[in-house]
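4 protein chains.
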Amino acid sequence: MSTTTVIKSDVANPALASEGKKKIEWAARNMPVLAQIKDRFAKEKPFTGFRIAACMHVTTETANLMLALKAGGADIALCASNPLSTQDDTAAALVYEYGISVFARNAVDRDGYYKHLNSALDIKPQLVFDDGCDLVNVLHTSRTELIEGVMAGCEETTTGVIRLSQMAKDGALKFPMIAVNDTDTKHMFDNRYGTGQSTFDAIFRATNTLIAGKIVVVAGFGYCGKGVAERAKGLGAEVIVTEIDPTKALDALMQGFRVMPMTKAAAIGDLFITVTGNRDVLRDEHFRQMKDGAILANSGHFDIEIDVAWLEKNAKVKNSKMRHQTDDM
Amino acid sequence: MSTTTVIKSDVANPALASEGKKKIEWAARNMPVLAQIKDRFAKEKPFTGFRIAACMHVTTETANLMLALKAGGADIALCASNPLSTQDDTAAALVYEYGISVFARNAVDRDGYYKHLNSALDIKPQLVFDDGCDLVNVLHTSRTELIEGVMAGCEETTTGVIRLSQMAKDGALKFPMIAVNDTDTKHMFDNRYGTGQSTFDAIFRATNTLIAGKIVVVAGFGYCGKGVAERAKGLGAEVIVTEIDPTKALDALMQGFRVMPMTKAAAIGDLFITVTGNRDVLRDEHFRQMKDGAILANSGHFDIEIDVAWLEKNAKVKNSKMRHQTDDM
Amino acid sequence: MSTTTVIKSDVANPALASEGKKKIEWAARNMPVLAQIKDRFAKEKPFTGFRIAACMHVTTETANLMLALKAGGADIALCASNPLSTQDDTAAALVYEYGISVFARNAVDRDGYYKHLNSALDIKPQLVFDDGCDLVNVLHTSRTELIEGVMAGCEETTTGVIRLSQMAKDGALKFPMIAVNDTDTKHMFDNRYGTGQSTFDAIFRATNTLIAGKIVVVAGFGYCGKGVAERAKGLGAEVIVTEIDPTKALDALMQGFRVMPMTKAAAIGDLFITVTGNRDVLRDEHFRQMKDGAILANSGHFDIEIDVAWLEKNAKVKNSKMRHQTDDM
Amino acid sequence: MSTTTVIKSDVANPALASEGKKKIEWAARNMPVLAQIKDRFAKEKPFTGFRIAACMHVTTETANLMLALKAGGADIALCASNPLSTQDDTAAALVYEYGISVFARNAVDRDGYYKHLNSALDIKPQLVFDDGCDLVNVLHTSRTELIEGVMAGCEETTTGVIRLSQMAKDGALKFPMIAVNDTDTKHMFDNRYGTGQSTFDAIFRATNTLIAGKIVVVAGFGYCGKGVAERAKGLGAEVIVTEIDPTKALDALMQGFRVMPMTKAAAIGDLFITVTGNRDVLRDEHFRQMKDGAILANSGHFDIEIDVAWLEKNAKVKNSKMRHQTDDM
C-alpha cells in the first residue's frame, strides 16, 4: 500500500515500516477469529463515519485489530497504553504501510505519553478503546470538551475496570464503557494463558535464567497470577503464592502451591513476580530480607508494584542494562 | 477346573476360591504380554519336569504368572514374600481352582511366615523365584541340603538385589540369580508407575484423606520414590523429598520438589511416605518434631523404615484399627 | 454416650456402631473448621427448638455435621440422599452412640429409599437439608401438608440447584432454599478437589487398574469434571475431555487436554468417566464403538449418565460382581 | 583488564566487548560451582604450560569456563562448535576484555567455520575440548601432524560421543577422550532441563506463538526430548512423542504423552521439534501431510533433522526472515 502523506502520526522510525508489516502479517496467522470478523466488517462497513481513539499496547496483535476496524470503515487514532510495550516497527507499519494514525514511541517519558494520548483524542472520538483507563481519565479531566461527542467505549484490563467501576459508582463516568475483561474468553484465556507465557518469555529474554529448580514467588493469584504460577510450575520451579483473598489463597494451596505472606516469602525466593494490581507489593521491608541476586519482575498493568525508587536510592551499586530491560542493583 | 485333593497347601479360607478366581481373571485382562507368553509356553512346554519354588506377593498378578508357568509344564510351590499383601481369595483360588500348591495366609506371624517358606522349599526346587531374598537366604542357612539341586533363580526387587550382590561379592551365593529388577521394563514401570499409584491407593483406603493441599514428605528418590513423589504432586500436594544421594537430590530439586533433610521435614509434613530400603528412616528424633495427626506410611520392601516399636512404647494413647491397617498413636 | 431407646431409626446393623464411631472420630480430625463451629454452637445453642430433616450422603463427614447441629440444640432426622454411598457403620453409630435418628441402609431399593425420606420428614421439619432435591421434591408432592411448617432449607449439589432454580422460576418452590453449591468454598474445593480424588479412589478399589498410560475420557468440564481431568492427568493418563459448552471446552483445550465429541472419543478411550449431570451421556451409539474391556464409571449425582439398561439388554455375557461394585458386560 | 594487541582472533565486532563483558559477569552469577573451581585453579595453577584448543558454543557460560581455565594457567584458543549460537559480544569480550584467543563469528558459512577450527588448532594443543566431534575430526583428517602433541580431550554432547565411540571401536581414535555427556550431572540436567527450557526460549523469540492449546510433536525421547516434552506439557500443550526405541516410547506413554509414528503425527501437529540426533526426521512424506502454518524447529546438535533443502525447493512462496531466524515457506 502506498503511504499517504496526510496521516498524522508520531512514531520513532518510519524506516521500520516494512519489517513491522511482516510481523503484523505473521501475527495475523494466529488470529483466525479476528480474520472472520474483519471479513464481515469489510462487507458490512459498520463503522463508516465513526472516529475511534484507541489507547492500547502497540503490538502486532493490536495492529490487526486496527486493520479490522479500518476494514469496517472506521477512522482511527491509536496511542500507546504503555510506552514500554510499544513496538516501533509495528507503529511505523501502521502509519506508512496501512495509513492509520499512530502516536507511540517505545519508552517515551511521562510527558510524551500524555502528549500522545491527547494527540489521539484530537480525532474527536465517538468511540474510545482503553487499556488501563488513562485515556478515559484524560477525557474526564483535561479534555472534557470532547465528552459530549463520545457515545461509548470499552476497557481491556482488570485494573482499568476497577477504576471505571469506582467512577461509575461515584456517578463520575460520563458515557457507557464495556468491560472487555469481564468476558470469559478474555480473562480466562488472555490473562491466564497469555500473561502466563509472556511473563516467562520476558524473563527468559531479560535474564537468561533457568527456571527449573528455582523458587519462584508469585504475588497475586487472580487470573494472571494463576497463569504465572502454573507456568512457573510447568517450567520446573518450586512455586510460592502470596494472596490476601482467603478463598484464592486456599485455591492456590489446594493446587499444591506453597502459600504464605510476602514478609515470609521474601527471604526464600529466587525470582519474584508481582501481578496484583496494587502498589508497593515489594518494598523496603521485603528487599532487606532478600537473597543477594534475587530477581524481581512486575507483570501487573502499572509499573508500581515494586518500589523501584527505594532500590534506586538504597542500592550500593547499580549496573544498568546488564541485559536488555534488566538492571542490577 | 476340578480341584485335586492331593495339592499340598496352607491357605486361610478355601471358600474364597470362587471369588479369587474372578479376580484372577479380571487381572488377566490387563496382562496381554503375559497372555502371549502363556500361549507360547502352552505350546512349547519349556518347564516340563521342572520344580519351581516361588516366594512372591500372593496377588492376582502373581497368580497369572503362576498359571503361565504351569501352562509351560512347571510343578510349582508358591509362598508369600510378605504376609500383609497376601490375598486370601487369590491363594484359595490357586489351590482349589487351579491346582497349584500355595502356602500363604494374610497377616501370619514370623513363625508362620518361615514355616511357609520351608513348605515351599519342600518341593526341592530346581528353580527359585524370590522377592526380597528371604527364600534364597533360607536356602543358604537352614536348608543347605537343597542347594545342590538348585540350578538358578531370579530376584524381583531392589532390596533383594542389594542383598544378593553382597552375597555374590562375599562368594557366598551358591547358584546364579537373575536380577529382574535390573530390567528397564521392571524398574522404569513397576517401581515408578506401579508403586506410585498403589501407594496412594493404599493410603486412600487406610486413611480416607484428601491429598490436595497436604504437605507430603517422600523419603527416597529412587525409582519408587520418584513415582510416589510424582503421584503426590499429581494429586495436588506440596511435595518435599529427602534423599541422601546428591545427584538424585538435585534431580528432585530440578523437578520442582522441595528437598531437605528429614530432620527439617519432620516438623512440616502432614503425610510421610518412606521408600528408601533403609532402616529407621523415621525415628525418635523425627517423631518428637511432628505435628499431631501426622500420617506415616511405608512403601519400601521391608517393614523397617519407620521405628514402630518406639511409637508403640511412647504413644500416650493407641487407638488400634481406627480404619483398616491404620493405627492411631 | 449411652444409647436412648426411643430414637427412631432404620439402619442395617446396630452392631457396627462402635466401628462407625471410630471412623467418625477419625474424620473429625480433618474437619477443624467444623470443630470451631461446633464449639460455638455448643455455647450459643442457635438451634434449640428446631427440628431438621436432612437428606445427605450418610458418611462420616455428614455425621460430624449432624453432631455439630445437635450440639447447637437441633432435633435431627437424617436419611440418605444416595443409598449406594450409605456407610452402615456410620449410620449405626449415629443412632446408637450419638442418639440421632437415622433412616438409611446401604443399597436399599427405590421403595426403601422413599420410605426413608418419608420417615425423616415425619419429624415435621422447620429446616430441611437436601442433596439432589429429592427431599424437597417429596415435600412438594406427597407431603404437602408439611410445607407450611418449613421455614427454609439448603441444597448441596449442582444438580439439586438446577432443579430448584427451575421450581423457583415456575413459582412452584414454597419456601426459600440456600444454594450451598454456589459458595466458592463448596464448588471450588468439594467439587474440584473432592470429587477429583474420590472418583479415582472408587475406580482404584473397584477395578484395581493402573491409570498411567491409559486414555481417560472425562465427559463434562464443570467443577467436578475439571477435578477429575486434573487428577487423571496427575496419575499419568492421556486425558480427553468432552464438553458441550464452548468456553469450557476451550478452557480444557488451553490446559492441554484433548477435546472432542463423545462420538469420536468413544472408540479411543480405555476409561470413561461421566460427570455432566445429564442423562445417557454414554449410550448405544457410543457403546458400539468402544474397545473390548473399556471401563465405564459415573461420578455425576444421579445414576443416569450411562445407559446401563441398554448394556444389561445387549451384553453377550454379564459377569456380575467381578470386583466390588463392578460388573463385566 | 587491558587488552593485549598480540592476541590472535577473528571476531565480528570488537566494539561489542564491553557489552559482552557485562553479560559474562551476569552469567557468572548462576555458576557458583564453577566459581569455586576457578578459585581453586587460581591457587593451584594446574594448567600452567598447557595449551588448550576448545571448540564449543561461544556463549557467556563457555566464556566463564574459559576464564576458569585461564585462571588455572592455561593458554587457550576458542572456536565455535556452531556458528548460529555464537554471541558476537561474548566473543569480542573474551578477546578484548580478557585476552583470550577466539575465532568465531555468528553465522559464518562452512568455509569460515572450518577456517576457525584450524585457527584454534594452530595453538598446537595438548588438550582439546570438543562439542560435536568436529575439532577431533579435523585433527584426525587434515591436521594429523598435531595428533602426536595431543594428550587427551573431552567431548560434550551425545552426538559427539556417538561419533567418538565409533572411532574408538574402529581403532581410529588416536588419543583418549572423556565423554562429559556420560556424567549424570551433564545429561540429567543440561540435556533435560537446559535444552527443555532453551528450546522454548528460542521458539518464543522466533515465533511469538502461544504454546497453550497447541499440539506439539516432539521427535525423540532421549534426555533432551524428555526435557522438551515436559516443558511443552508444562506450557499447556497437548504433546505427541515419536520414538523408535520401544522402552523409551513406553516410558513416554506411561507419562501420559501420546505416542505414535511421525507418519501419523505429521498431519496432526501444530509445532514440531526434532531432537533425535538423526538425519531427515522430518522429510517429504511428512511435509506433504502437514497443516498449513505448521512450525518446524530443530533442537538436535546438527542442523540435519529437518530436510530444509526439500522445503527450499518445493515451497510455493518463501518469506525469509518473517521474524529473527524464522523463514516462512
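Residue numbers (my numbering), protein chains in the order written: chain L, 338 to 666; chain F, 338 to 666; chain H, 338 to 666; chain R, 338 to 666. Glycine residues also receive a C-beta, built at the ideal position from the N, C-alpha and C atoms. Here the structure is a predicted model, which means the values were calculated and not measured.
Collapsing the DSSP output to three states places Glu381/L in a helix. Bounds of the alpha helix (DSSP H) holding Met591/H are 583-591. A straight-line Cα-Cα distance of about 29 Å links Asn443/H and Ala430/F. At least one beta carbon of chain H lies nearer than 9 Å to the beta carbon of Met591/R. For Ser418/H, same chain residues with a beta-carbon under 7 Å away, outside a window of 5 residues either side, are Cys392, Met393, His394, Asp468, Gly469, Asp471 in chain order.
Taking C-beta separations shorter than 6 Å and ignoring five residues to either side along the sequence, the partners of Arg616/R in its chain run Ile641, following chain order. With fewer than 16 other beta carbons inside 10 angstroms of its own, Arg447/L counts as exposed. Among the residues facing chain R, Phe558/H is not included, as its CB has no counterpart in that chain under 9 Å away.
Taking one beta carbon from each stretch, the stretch 570-582 of chain R and the stretch 594-613 of chain R have 3 or more pairs nearer than 8 Å; the two touch.
Residue pairing by DSSP places Leu415/L opposite Ala391/L, Val439/L in a beta bridge. Our two residues, Gly637/F and Thr611/F, have alpha carbons roughly 6 Å apart in a direct line. Residues of chain F whose Cβ lies closer than 8 Å to the Cβ of Phe526/R are, in chain order, Leu587, Asp588, Met591.
In this structure, Thr584/H is the residue among Lys345/H, Thr584/H, Lys601/H with its C-alpha nearest to the C-alpha of Gly559/H. The continuous beta strand (DSSP E) containing Glu575/F extends over residues 575-579. For the stretch 507-522 of chain L, the set of residues with a beta-carbon nearer than 9 Å to any beta-carbon of chain H comprises Asp521, Thr522, in chain order.
Taking C-beta separations shorter than 7 Å and ignoring five residues to either side along the sequence, the partners of Thr494/H in its chain run Asp468, Gly469, Asn518, His638, following chain order.
Taken in chain order, the complete beta strand (DSSP E) segments of 3 or more residues contained in the stretch 438-493 of chain H are 438-441, 464-467, 489-492. Residue environment analysis places Leu421/L among the exposed positions, since fewer than 16 neighbouring C-beta atoms fall within 10 angstroms of its C-beta. For Asn401/L, the uninterrupted alpha helix (DSSP H) segment begins and ends at 397-408. Put simply, the stretch 596-610 of chain R touches the stretch 618-627 of chain R. At least three CB pairs are less than 8 Å apart.
By the Cβ-count criterion, Glu492/F is buried, with 16 or more other Cβ atoms from all chains shown falling within 10 Å of its own Cβ.
For Tyr435/H, no Cβ of chain F is located within less than 9 Å of the residue's own Cβ. Taking the Cα of Asp459/L as reference, the smallest distance to any Cα among Phe440/L, Ala405/L, Gly571/L is reached at Phe440/L.
Contact note: Thr584/L reaches chain H through Asp521, Thr522, Met525, using a C-beta cutoff of 8 Å and chain order. Taking 9 Å as the cut-off, the Cβ atoms of Leu454/L and Lys511/L do not count as close. Taken through DSSP and simplified to helix, strand or coil, Ala603/H comes out as coil. Counting only the Cα atoms, Lys628/R lies some 14 Å from Ala652/R. Between the stretch 525-542 of chain H and the stretch 514-529 of chain F there are fewer than three C-beta pairs closer than 8 Å, too few to call the two in contact. Two segments are said to touch when three or more pairs of C-beta atoms, one from each, lie closer than 8 Å; by this definition the stretch 358-368 of chain R does not touch the stretch 380-390 of chain R. Under DSSP, Val553/L forms a beta bridge with Val576/L, Leu608/L. Residue state for Met504/H is assigned as helix, using DSSP reduced to three classes.
Taking a contact to require three or more Cβ pairs closer than 8 Å, the stretch 396-407 of chain F and the stretch 366-383 of chain F qualify as touching. Residues of chain F whose Cβ lies closer than 7 Å to the Cβ of Tyr530/R are, in chain order, Met591.
For the stretch 537-559 of chain L, the beta-carbon criterion of a distance under 9 Å to any beta-carbon of chain R is satisfied by Phe537, Asp538, Phe541, Arg542, Thr544, Asn545, Thr546, Leu547, Ile548, Ala549, Gly550. With its beta carbon less than 9 Å from one in chain L, Glu575/F belongs to the interface.
Counting every other CB atom within 10 Å of its CB across the protein chains shown gives Glu567/R a total of 16 or more, marking it as buried.
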